[in-house]
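Which chain is which? The protein sequence lines are A and D, in order.
Per this note's numbering, the very first residue in the first sequence carries number -7; after that it's consecutive.
Per this note's numbering, the very first residue in the second sequence carries number 5; after that it's consecutive.
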Amino acid sequence: MLRTIKNLSTDTRYRWEITFRVITAIFGGYLLTITSGILLAYALPMGKSDAVTTAMLSSFAIYAGAAMWIFSQRSFRKALAGIWIPAIIFTALITLLKLMGVTP
Amino acid sequence: MKNGFRQSMSWLHTWGGLSVGWILYFVFLTGTLGYFDTEIDRWMKPEVPAETANIEQSISVAKQRLDEKAQGAERWFISPPGNRDTPNLRIFWQMPEQADGKPGARGNESLDAKTGELLSGRATGGGQTLYRMHYSLHYIPANISYWVVGICSMFMLIAIITGVVIHKKIFKDIFTFRSQKGQRSWLDMHNLLSVSALPFHFMITYSGLIFFLTTYMSLIIAGTYGFGREAQETFFDEFFAETDTLDASGTPANLAELSAMFTIAEAQWGKGQVRYLEINHPGDSNARVIIARQMDSPLRSSPELVFNGVTGELLNSKSASTTVPHTVYDTFLGLHEGLFANIGLRWLYFFSGLLGTAMIATGMILWSVKRRPAQLKKVDGPDFGYRLVESLNLGTIVGLPIAVAAYFWANRLLPVDLENRAQWEIHSMFIVWLMCLLSPLLRPIQKGWHELLWLAAAIYCLLPVVNALTTDRHLINSIKESDWIFAGMDLTFIAVGLLFAFAASRLQQRVKQEATTPVRHKKNQVNEAY
Chain A
-7 MLRTIKNLST DTRYRWEITF RVITAIFGGY LLTITSGILL AYALPMGKSD
43 AVTTAMLSSF AIYAGAAMWI FSQRSFRKAL AGIWIPAIIF TALITLLKLM
93 GVTP
Chain D
5 MKNGFRQSMS WLHTWGGLSV GWILYFVFLT GTLGYFDTEI DRWMKPEVPA
55 ETANIEQSIS VAKQRLDEKA QGAERWFISP PGNRDTPNLR IFWQMPEQAD
105 GKPGARGNES LDAKTGELLS GRATGGGQTL YRMHYSLHYI PANISYWVVG
155 ICSMFMLIAI ITGVVIHKKI FKDIFTFRSQ KGQRSWLDMH NLLSVSALPF
205 HFMITYSGLI FFLTTYMSLI IAGTYGFGRE AQETFFDEFF AETDTLDASG
255 TPANLAELSA MFTIAEAQWG KGQVRYLEIN HPGDSNARVI IARQMDSPLR
305 SSPELVFNGV TGELLNSKSA STTVPHTVYD TFLGLHEGLF ANIGLRWLYF
355 FSGLLGTAMI ATGMILWSVK RRPAQLKKVD GPDFGYRLVE SLNLGTIVGL
405 PIAVAAYFWA NRLLPVDLEN RAQWEIHSMF IVWLMCLLSP LLRPIQKGWH
455 ELLWLAAAIY CLLPVVNALT TDRHLINSIK ESDWIFAGMD LTFIAVGLLF
505 AFAASRLQQR VKQEATTPVR HKKNQVNEAY
């Protein structure tokens, strides 16, 4: 997909890049927000419901930050990778914690 | 993406803001009106007189009615009249859970505190319906609306942060306004409106998201407590830790005199400080009476007194404080609702909300003003997208306030015995809005701005006249009786009407100027990030 985008004319390429950045910002950003929120709830040294609440309260700031970061990056690949890769790693990490039976 | 950080953030600000601007404008405008929801409620039921009964009398009336309607209930609520939130006596009841696990029946009534009769008056949506629209929209299922509004609020949050980031001299902007300079003036105005109430804009957006925290971020709960309803309930139980959950004993016992407990509460807090009485298991030997104090701070949980409902003995007083995250949560919600605000602060809330609404409007106008010169030069006329934005701008920025006025007109003019009257008030509002949105199809857009602005001026200025012709609570009467709710509504309508008239006449001047000095406009082209 990325290769195909490269061969397009500058104008069309720009449009596709924008589309993918927007999709990454909305869905990738959301996945990153949720997963980092869950890990935050695991990590915070407080009662479970308080930790979850704190994670949820900060989630919108994380989401906004992630979305802005995507558009601030000049490199298209870096912008996509910078969101999707940590989001996937966090998801794997949470799955691992669940499989090991660790609870927050 | 673009060349510099500031440019890319400016791109995000412009396009993110534009794509949801119209919904945000609707949310901000109806939400702002919500700060005067009860006042609007009262204006829309002009035949209901102001309550004059004293509180002891209203409590005994309420108790009598609850005895009739809701024997064996799990919970009663009595909100005595005289507060801003409950100008009239209100009761609420909840019956116990049924044998098959279904929730028990519930009901609520507004009563005349002297006679105990149901409050009558025309069927109306009141201010509550307007206020509810800012988060649950209308004609769309509520759970979809919450997500629509949530996504738009997220865009708003990003627009606010990027808006701050792209400014080199945010402080200077407060003191900068260059009038009569076309695009430059719109930019200055947008900055002025944004910066002057920036803390409000940020607070209202972030706290708006927090209201639906457990909806938008339910996956965080799922990831820690597990999926499904039961896991969610566990979280809620832990989060809203209820301290006093005594079950009914099943042994009947008479409820102690409520007014005695009320007197104790007033002695502790002062007159008029009781917000509501909550009676758990009335008529049972385990009855508890909880009296809550008025909210005087953004902390949502107010101090409470708990009484034994049979002996009337004061058991404990619970003050409002919990864990830090819970307090942060409550404070955000409390700040958003502004229930604690006295009249001065309430007006400040209202004006801040209007500044936010105007901020959104000027942002959208700026988008189209900036692109107008290039679009007008196009051989086959302006693009479809540009014309769409222009039309939506006119139809929403001026059209929505006209539609709100139509809602008030409908309240006075629709026949009292009309079926589904309250719904028709709302339909009137949306029909008028739709007509405004479609008006650019019939009229050239520049003329459209004049005409709709003048129409808005007229429709608001005439509201007090319609009120005077259809009720006996006209402005002069209201002022004579110092009924500041009715007088305030009428005067506000006139003020809003004059504001629209001012905008209309300024626009006319400007168009005349442009026609006589066409060069002027070119000199003021701004090549900033926008």
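Built from N, CA and C at the ideal position, the CB exists for glycine as well.
A quick note: this is a predicted structure, and the numbers were derived from the prediction, not measured.
### Message
On the CB-based measure, 16 or more other CB atoms within 10 Å of its CB, does S183 (chain D) come out buried or exposed?
### Response
The residue labelled residue 183 (chain D) in the question sits at position 179 within the second sequence. Burial call: exposed.
### Query
Can you tell me whether DSSP reads D288 (chain D) as helix, strand or coil?
The residue labelled residue 288 (chain D) in the question sits at position 284 within the second sequence. If DSSP states are grouped into helix, strand and coil, D288 (chain D) belongs with the strands.
### Task
Out of D:I162, D:V470, D:P100 and D:V515, point me to the one whose CA is closest to L418 (chain D)'s CA.
By 1-based counting over the second sequence, the position of residue 418 (chain D) is 414. Looking at the Cα atoms, D:V470 is the closest of the given residues.
### Query
Along the chain, where does the alpha helix (DSSP H) that runs through Q517 (chain D) open and close?
Translated into positions along the second sequence, residue 517 (chain D) becomes position 513. W488 to T520 is the extent of the alpha helix (DSSP H) around Q517 (chain D).
### Query
Of the residues that make up the region 42 to 75 of chain A, which ones have a beta carbon closer than 7 Å to any beta carbon in chain D?
D42, V44, T45, T46, A47, M48, L49, S51, F52, Y55, A56, A59, M60, F63, S64, Q65 and R66
### Query
Roughly how many angstroms lie between the CA atoms of K382 (chain D) and T218 (chain D), to the nearest whole one?
For the purposes of this step, residue 382 (chain D) is taken as the residue at position 378 of the second sequence. For the purposes of this step, residue 218 (chain D) is taken as the residue at position 214 of the second sequence. So the two alpha carbons sit approximately 49 Å from each other.
### Query
Taking C-beta to C-beta, are S263 (chain D) and I63 (chain D) nearer than 8 Å?
On the second sequence, residue 263 (chain D) is found 259 positions in, with the first residue counted as 1. On the second sequence, residue 63 (chain D) is found 59 positions in, with the first residue counted as 1. Yes, Cβ-Cβ distance for S263 (chain D) and I63 (chain D) is below 8 Å.
### Query
Is P37 (chain A) close to chain D, meaning its C-beta is less than 8 Å from at least one C-beta of that chain?
On the first sequence, position 45 is the one that residue 37 (chain A) refers to. No, P37 (chain A) does not count as interfacial toward chain D.
### Task
Grab the span of the beta strand (DSSP E) containing L93 (chain D) for me, first residue to last.
Taking the second sequence and counting its residues from 1, one reaches residue 93 (chain D) at position 89. Element bounds for L93 (chain D): L93 to Q98.
### Task
Would you check if the distance between the CB atom of I489 (chain D) and the CB atom of R46 (chain D) is smaller than 8 Å?
Taking the second sequence and counting its residues from 1, the one referred to as residue 489 (chain D) is at position 485. Taking the second sequence and counting its residues from 1, the one referred to as residue 46 (chain D) is at position 42. Contact: yes.
### Task
Mind listing the chain A neighbours of L223 (chain D)? Cutoff is C-beta to C-beta under 7 Å, in chain order.
For the purposes of this step, residue 223 (chain D) is identified with residue 219 of the second sequence, where counting begins at 1. Within chain A, the residues near L223 (chain D) are I26.
#### Entry: Burial state of A378 (chain D), where buried means 16 or more other Cβ atoms lie within 10 Å
Within the second sequence, the letter at position 374 stands for residue 378 (chain D). Its Cβ having fewer than 16 others within 10 Å, A378 (chain D) is exposed.
### Query
Going by the CB atoms, is the gap between A127 (chain D) and M99 (chain D) shorter than 8 Å?
Mapped onto the second sequence, residue 99 (chain D) falls at position 95. Mapped onto the second sequence, residue 127 (chain D) falls at position 123. Contact flag unset, no.
### Assigned exposure category for K70 (chain A) - 16 Cβ within 10 Å defines buried
Working through the first sequence from its first residue, we reach residue 70 (chain A) at position 78. Exposed, since its Cβ has fewer than 16 Cβ neighbours within 10 Å.
### Task
Could you check if G342 (chain D) is buried or exposed, using at least 16 other CB atoms within 10 Å of its CB as the buried criterion?
Taking the first residue of the second sequence as position 1, residue 342 (chain D) is located at position 338. Burial call: buried.
### Query
What residues in the region 329 to 351 of chain D bring their beta carbon closer than 9 Å to a beta carbon of chain A?
P329, H330, V332, Y333 and F336
### Task
Compare the beta carbon distance of Y55 (chain A) and M158 (chain D) with 8 Å and say whether it is the shorter of the two.
For the purposes of this step, residue 55 (chain A) is identified with residue 63 of the first sequence, where counting begins at 1. For the purposes of this step, residue 158 (chain D) is identified with residue 154 of the second sequence, where counting begins at 1. Result yes, Cβ atoms of Y55 (chain A) and M158 (chain D) sit closer than 8 Å.
### Query
Is DSSP giving R279 (chain D) helix, strand or coil here?
Here residue 279 (chain D) refers to the residue found at position 275 when the second sequence is read from its first residue. Three-state DSSP puts R279 (chain D) in a strand.
### Query
What is the DSSP secondary structure of I18 (chain A), counted as helix, strand or coil?
The residue labelled residue 18 (chain A) in the question sits at position 26 within the first sequence. Looking at I18 (chain A) - three-state DSSP - the assignment turns out to be helix.
### Task
Report all residues from its chain with a CB closer than 6 Å to the CB of R273 (chain D); omit the five preceding and five following residues, and keep chain order.
On the second sequence, residue 273 (chain D) is found 269 positions in, with the first residue counted as 1. The amino acid at residue 273 (chain D) is misidentified as Arg; the sequence shows Trp. Taken in chain order, the residues that qualify are R297.
### Query
Interface residues of chain A around G108 (chain D) at Cβ under 7 Å?
Position 104 of the second sequence, counted from the first residue, corresponds to residue 108 (chain D). By Cβ distance, chain A contributes nothing, its closest Cβ being about 27 Å from G108 (chain D), past 7 Å.
#### Entry: A79 (chain A) at chain D interface by Cβ criterion, 8 Å
Taking the first sequence and counting its residues from 1, one reaches residue 79 (chain A) at position 87. Judged by the 8 Å Cβ criterion, A79 (chain A) is not in contact with chain D.
### Query
Among the residues of its own chain, which have a CB less than 6 Å from the CB of L37 (chain D), if the five just before and after it don't count?
Locating residue 37 (chain D) in the second sequence gives position 33, where the first residue counts as 1. Closer than 6 Å at Cβ, skipping near neighbours: L134.
### Message
Strictly below 7 Å CB to CB, what residues from chain D border G29 (chain A)?
### Response
Indexing the first sequence from 1 puts residue 29 (chain A) at position 37. Those within 7 Å of G29 (chain A) in chain D are M221 and I224.
### Query
For E341 (chain D), which residues does DSSP report across the bridge?
Indexing the second sequence from 1 puts residue 341 (chain D) at position 337. Paired residue(s): none; E341 (chain D) is not in a bridge.
### Query
What does T327 (chain D) reach in chain A if we use C-beta pairs closer than 9 Å?
For this step, residue 327 (chain D) is matched to residue 323 along the second sequence. By Cβ distance, chain A contributes M38, G39, S41, D42 and T45.
### Task
Return helix, strand or coil for P256 (chain D), following the three-state DSSP convention.
Translated into positions along the second sequence, residue 256 (chain D) becomes position 252. Strand.
### Task
Check whether the region 219 to 231 of chain D touches the region 403 to 414 of chain D, taking contact to mean three or more Cβ pairs, one atom from each stretch, closer than 8 Å.
no
### Query
Does DSSP put I82 (chain D) in a helix, in a strand, or in coil?
Residue mapping note: residue 82 (chain D) aligns to position 78 of the second sequence, counting from 1. I82 (chain D): strand per DSSP, three-state reduction.
### Task
From the DSSP output, in three-state form, read off I30 (chain A) for me.
As a working mapping, residue 30 (chain A) is identified with position 38 in the first sequence. Note: I30 (chain A) maps to helix in three-state DSSP.
### Same chain, Cβ closer than 8 Å to L358 (chain D), five either side skipped, listed in chain order
Here residue 358 (chain D) is taken as the residue at index 354 of the second sequence, counted from 1. Answer for L358 (chain D): T36, listed in chain order.
### Task
In angstroms with no decimal places, state the Cα-to-Cα distance between I27 (chain D) and C156 (chain D).
Locating residue 27 (chain D) in the second sequence gives position 23, counting from the first residue. Locating residue 156 (chain D) in the second sequence gives position 152, counting from the first residue. Going from the Cα of I27 (chain D) to the Cα of C156 (chain D) covers about 7 Å.
### Task
Determine whether the Cβ of I208 (chain D) lies closer than 8 Å to any Cβ atom of chain A.
Residue numbering aside, residue 208 (chain D) sits at position 204 when the second sequence is read from its first letter. With 8 Å as the cut-off, I208 (chain D) does not count as an interface residue toward chain A.
### Query
Who pairs with F311 (chain D) in a beta bridge, going by DSSP?
For this step, residue 311 (chain D) is matched to residue 307 along the second sequence. Per DSSP, D:V293 and D:L318.
### Task
Please list the segments of the alpha helix (DSSP H) lying wholly inside the region 380 to 457 of chain D, counting only runs of 4 or more residues, in order along the chain.
388 to 397, 403 to 417 and 425 to 442
### Message
By the DSSP assignment, the alpha helix (DSSP H) with G130 (chain D) in it spans what residues?
### Response
Here residue 130 (chain D) refers to the residue found at position 126 when the second sequence is read from its first residue. Unbroken alpha helix (DSSP H) run through G130 (chain D): G130 to S140.
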